[in-house]
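Student: As they're listed, the protein sequences go chains A and B.
In this text, residue positions in the first sequence follow my numbering: the first is 1, and each later residue adds one.
In this text, residue positions in the second sequence follow my numbering: the first is 659, and each later residue adds one.
Ideal Cβ placement from N, Cα and C applies to all residues, glycine included.
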Amino acid sequence: MNPALDAVPRCLGAAVALFGAVVLTGWAAGLPALTRIVPGWNAVKGNTALCALLYGSSLVFLTLKRRPGARRLAGALAAAAFGMAALTVLEYAFGFEFGVDEFLIMDAPPPGYAHSHGRMAPATAGILSLFGPAFLLFDSKPPRSWLSEAFAWAGAAIALFCVFGYVLGSPESYTLGGDTAISQSTAAALLVLGLGIIALRTDRGLMALAASPGPGGRAFRSLVPFAVLMPLGLGWVRLWGERTGHFSSELGTSVVMSNIAFILVATAYIKGSAVDREDAERIRAETRRAVSDYNRSLIEASLDPLVTIGPDGKITDVNAATEAVTGRPRAALVGSDFSDYFTRPELARAGYQRVFEEGKVNDYPLELLGAGGRATPVLYNAAVYKGASGEVAGVFAAARDVTAQKRAEAEVRQLTAELEERVKLRTAQLEAANKELEAFAYSVSHDLRAPLRAVDGFSQILMEDHAPKLDEECRRLLGVVRESALTMGMLIDDLLAFSRMSRQALLKGRVDMAEVVRGAWGPLAKEAERRHLKFDVGPLAACNGDSALLKQVWTNLLSNGLKFTRGRAEAAVEVGSSTKEGETVYWVKDNGAGFDMRYADKLFKVFQRLHRSADFEGTGIGLAIVARIVERHGGRVWAEGEPGRGATFRFTLGGSDA
Amino acid sequence: MNGQMVDILLVEDNPKDEELTLRALRKNNVANEVQVARDGAEALELLFGDASPGGGAAFFPKLILLDLKLPKVGGLEVLKRIRGDARLGNVPVVVLTSSREESDLAESYHLGVNSYVVKPVDFSKFTDAVRQLGLYWLLLNQAPPPRKADG
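1. Which residues mark the beginning and the end of the alpha helix (DSSP H) in which Glu420 (chain A) is found?
2. Report the neighbours of Leu680 (chain B) on chain A: residues whose CB is nearer than 7 Å to its CB, in chain order.
3. Mind checking whether Phe661 (chain A) and Gly620 (chain A) have CB atoms under 7 Å apart?
4. Determine the chain B residues that contact Asp546 (chain A) at a beta-carbon separation under 8 Å, and present them in chain order.
5. Going along the chain, which residues of its own chain have a beta-carbon closer than 7 Å to the beta-carbon of Asn259 (chain A), five neighbours each way excluded?
6. Spatial neighbours of Gly132 (chain A) within its chain, please: CB distance less than 6 Å, with the 5 preceding and 5 following residues excluded, ordered by chain position.
7. Hey, Arg609 (chain A) and Gly622 (chain A) are a contact pair by Cβ (cut 8 Å); roughly how many whole angstroms apart?
8. I'd like to know whether the C-beta of Val736 (chain B) is nearer than 7 Å to at least one C-beta of chain A.
9. Looking at the structure shown, is Lys45 (chain A) part of a helix, part of a strand, or coil, going by DSSP?
10. When the distance is taken between beta carbons, is Gly698 (chain B) closer than 7 Å to Val752 (chain B)?
11. Quick one: list the residues of chain B neighbouring Ala461 (chain A), beta-carbon separation under 9 Å, in chain order.
12. Would you say Asn672 (chain B) faces chain A, with C-beta separation under 7 Å as the test?
13. Name the one or two DSSP bridge partners that Lys589 (chain A) has.
14. Do Ala159 (chain A) and Leu130 (chain A) have their beta-carbon atoms positioned less than 7 Å apart in this structure?
15. Does DSSP put Phe338 (chain A) in a helix, a strand or coil?
16. Let's test the definition: count the other Cβ atoms within 10 Å of the Cβ of Ser613 (chain A) and tell me whether it reaches 16, buried, or not, exposed.
17. Let me confirm a value: Arg645 (chain A) is counted as buried when at least 16 other C-beta atoms fall within 10 Å, else exposed. Which label applies?
18. With Gln774 (chain B) as the anchor, note down where its beta strand (DSSP E) starts and where it stops.
19. Rounding to the nearest angstrom, what Cα-Cα distance links Leu303 (chain A) and Ala417 (chain A) in this structure?
20. With 7 Å set as the bound, which would you pick, yes or no: does the beta-carbon of Ser757 (chain B) sit closer than that to a beta-carbon of chain A?
21. For Gln800 (chain B), report the span of its beta strand (DSSP E) as first-last.
22. List, in order along the chain, the chain B residues whose C-beta lies closer than 9 Å to that of Gly618 (chain A)?
23. Buried or exposed: where does Ser577 (chain A) fall if 16 or more other Cβ atoms within 10 Å of its Cβ makes it buried?
24. Among the residues of its own chain, which have a CB less than 6 Å from the CB of Leu59 (chain A), if the five just before and after it don't count?
25. Taking its Cβ as the centre, do 16 or more other Cβ atoms sit within 10 Å of Phe19 (chain A), making it buried, or is it exposed?
26. Kindly list, in the order they appear in chain A, the residues whose Cβ is closer than 8 Å to that of Lys727 (chain B).
27. Quick one: does Leu486 (chain A) have its CB under 7 Å from some CB of chain B?
28. For Arg71 (chain A), does the three-state DSSP call read helix, strand or coil?
29. If we ignore side chains and look at the alpha-carbon of each, how far apart do Val517 (chain A) and Thr555 (chain A) end up?
30. Specify whether the region 135-149 of chain A and the region 169-188 of chain A touch according to this definition: at least 3 beta carbon pairs, one from each stretch, less than 8 Å apart.
31. Per DSSP, which one or two residues make a beta bridge with Arg510 (chain A)?
32. Would you kindly check if the distance between the Cβ of Gly489 (chain A) and the Cβ of Leu452 (chain A) is under 7 Å?
33. For chain B, find out if any of its Cβ atoms is closer than 7 Å to the Cβ of Ala450 (chain A); answer yes or no.
34. Starting from Trp236 (chain A), trace the alpha helix (DSSP H) in both directions and tell me its first and last residue.
35. Compare the C-beta of Gly457 (chain A) with all C-beta atoms of chain B and state if any pair is closer than 7 Å.
36. Can you pull out the residues from the region 616-650 of chain A whose beta carbon lies closer than 8 Å to at least one beta carbon of chain B?
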């Protein structure tokens, strides 16, 4: 509650008390001018003045809320005034004469007075009596607290009625309740007193509204003078018109009525649209504030440190994330130089310059300097922002904390380095193993064959030089020795061929399979012709591979076909390819000896044979070489067969064919 | 001194192979004078002469049969020295070895070998190979004239 509001009733009370004191002084000092206040007005009765002094003082004391005795004193003063006024009312009502009227002042009686002429006018007595309960009930607690105000309103209303009577020249108004008129100055003073009592209550009711800063208060303050003055003005116009003979009574009434109606509607219109305007403005302001609050909450909610920097390089705004990462409060950040918060201020300033030159920067790497020297790696995204008139107002910058990313990158780098180290180690091991294998192969090719040659050679020398001494059995045994040596020589040769096939680099290219098959068949054609073997070549899809190695595959498969059809009256070998779902399968089919599918898994292993050497010669390396070459192309090889019904070998070359 | 003229210098460390080779040459009557060196160092000594006092004279063979895998100095090194020498540079050299390794083949031809023969395990074939070599290089082929060396 605004304490300044107490000044209103205090001033009004003081004015009324002063009024009373002036009149009393006039009576006491025999100065009639003072008893009239305004020359030509009726004199104010002594009792009236006394009551005004008491009530006015009471009002002043009531405003001194902090003085403990003031309230009791105010109550006593008001009670005294009320007693005097109430007795006067009783005198009028019942024709008594209590002798209170000239309790202070003896007035010269004018002729024809029915009672002591020092008595106050009946209207005055009534008003003063109504103010009594207004004062005495002032401290009533709800629900009766409205009573005090109601009495004050009633008294003020009558006082206003009398004031209007004077203004409009209507004696019926100011001689209310008898033949004595209330003085003009009394009416005015009592109106002021009534308003003072009403103004005393500042926490609710009229004063609260009048003092309210809201639209209601503003509307009230602007309408009240109008509401008082408008009827007064209209009433005066009407009376003036009637008295001067311009209006008849009916015309006067209709002038007043139509004007009241018009003015009230106009007022309602003006005030209503003003209230609407005000409300619209209020809603706009609220919306603006809500939008602004929303934007601010978004900025504050950002986990990225956000900052705005003025053209002078000073921070103009920050969010909570910036406070957190720098470890400094907003108040310390705003107004300070932005580059102070980086491990390398010159880089930060360079980035800031670039924003001005290019309008923005993306992912500009910097390190934020936090509390205790803790550095946070960040990527800055920044752009200039413009003021209301389009001029560059500063830079808006958002930092993204990339600590986790940096850590992950470092981990990846370390893992990659470890992996590379491991690959290097494995490669070295592999190379060492390869070297060893080559040395082994070299040694095998060189050293193992020499003894075999000796076995064979010396067996033969023995046979040649000592033939006469050797019997048939001796020669047979030497034959076995020689044959075994030769077989072992072949095995070594095959093993070396297989080893070479595994180590040799693949020279891949476009391969015309039909051409390769023709090349492989060439050396075999003579034998096939001699045996009337039927050789059938179907369509062969081209592929991607090493043509020399693929020729070896076909050579091995075709010579197998030739070998195992030996003894067939109508031998036939056919080759072809078929492509299904992007995969090409090549095949060689014969109607030869075939094999038992139970041993199919042994077919492609080194030196594994499914036929006796006596039936079909060979070391068992051919299909192993086929399998190795096909595998090195990323393909696979498999076979189907049945003893006595022939065999079919199929292979693919992985995804690289077509 | 131009050195002693021989038909063949056989560089062979394996005594059994040596015996087989010599038998094949003898049986086919292709060579009269065959000198044997049992490692690379000995071959170089025979070819370039012994620097020590009382050392043997340097040979000048019509044909050199050279094994590759040799003790002390390898066959390829011997070949390199021969081809790098002014006097012996044109002497026909035939590599007679058990090795089929591609690297050996490539390196031998790179160093200027005249022929590369893999010793067959089969003695009949081996005898035949030696016979053909002797016939070709000693009888059929015209040997290069000795280079003017010592002036």
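Tutor: According to the structure data:
1. Here the alpha helix (DSSP H) through Glu420 (chain A) covers 403-443.
2. Here the premise fails: no neighbours, minimum Cβ distance about 11 Å.
3. A question about residue 661 (chain A) goes unanswered here, because the residues of chain A that appear run from 1 up to 658.
4. Identification of chain B residues near Asp546 (chain A) by a Cβ-Cβ cut-off of 8 Å yields none; the smallest Cβ-Cβ distance measures about 15 Å.
5. Correct list, in chain order: Leu234.
6. Taken in chain order, the residues that qualify are Phe82.
7. Gly622 (chain A) and Arg609 (chain A) do not touch by the CB rule: their CB atoms are close to 10 Å apart, not below 8 Å.
8. Under the 7 Å criterion on CB atoms, Val736 (chain B) is classed as non-interfacial with respect to chain A.
9. For Lys45 (chain A), the three-state secondary structure derived from DSSP is coil.
10. Inclusion of Val752 (chain B) and Gly698 (chain B) in the CB contact set at 7 Å is not warranted, their separation being larger than that value.
11. Here the sequence assigns Ile to residue 461 (chain A), which means Ala is not the residue at that position. Within 9 Å Cβ-Cβ: Glu677, Leu678, Arg681, Phe781.
12. By this cut-off, Asn672 (chain B) is an interface position.
13. Lys589 (chain A) is bridged to A:Glu574, A:Thr648.
14. In this structure, Ala159 (chain A) does not lie closer than 7 Å to Leu130 (chain A) by Cβ.
15. Helix.
16. Ser613 (chain A) should be labelled exposed.
17. Around the beta-carbon of Arg645 (chain A), fewer than 16 other beta-carbon atoms lie within 10 Å, marking it exposed.
18. Here residue 774 (chain B) turns out to be Tyr, not Gln, going by the sequence shown. Under the DSSP assignment, Tyr774 (chain B) falls in the beta strand (DSSP E) whose first and last residues are 773-776.
19. Approximately 34 Å, taken between the alpha carbons.
20. Using a CB distance cut-off of 7 Å, Ser757 (chain B) counts as an interface residue toward chain A.
21. Counted as a single uninterrupted DSSP element, the stretch harbouring Gln800 (chain B) is not any beta strand (DSSP E), since DSSP gives it neither H nor E.
22. Those within 9 Å of Gly618 (chain A) in chain B number zero; the least Cβ separation is about 17 Å.
23. Within 10 angstroms of the beta-carbon of Ser577 (chain A) lie 16 or more other beta-carbons, which makes it buried.
24. Annotation for Leu59 (chain A): Pro9, Gly13, Gly196 place their beta carbon closer than 6 Å to its own, counting only its chain and skipping 5 residues before and after.
25. A residue is called buried when at least 16 other Cβ atoms come within 10 angstroms of its Cβ; Phe19 (chain A) meets this threshold and is buried.
26. Contact note: Lys727 (chain B) reaches chain A through His446, Asp447, using a C-beta cutoff of 8 Å and chain order.
27. Yes, its Cβ sits closer than 7 Å to a Cβ of chain B.
28. Here Arg71 (chain A) sits in helix by DSSP.
29. Going by the C-alpha atoms only, they are around 8 Å apart.
30. Here the region 135-149 of chain A does not lie against the region 169-188 of chain A, with fewer than 3 beta-carbon pairs under 8 Å apart.
31. Arg510 (chain A) is bridged by DSSP to A:Asn544.
32. Between Leu452 (chain A) and Gly489 (chain A), the C-beta spacing is below 7 Å.
33. Interface with chain B (7 Å Cβ-Cβ cutoff): Ala450 (chain A) is included.
34. Trp236 (chain A) -> alpha helix (DSSP H) spans 215-243.
35. Taking 7 Å as the threshold, the shortest C-beta distance from Gly457 (chain A) to chain B falls below it.
36. The region 616-650 of chain A vs chain B, Cβ under 8 Å: nothing.
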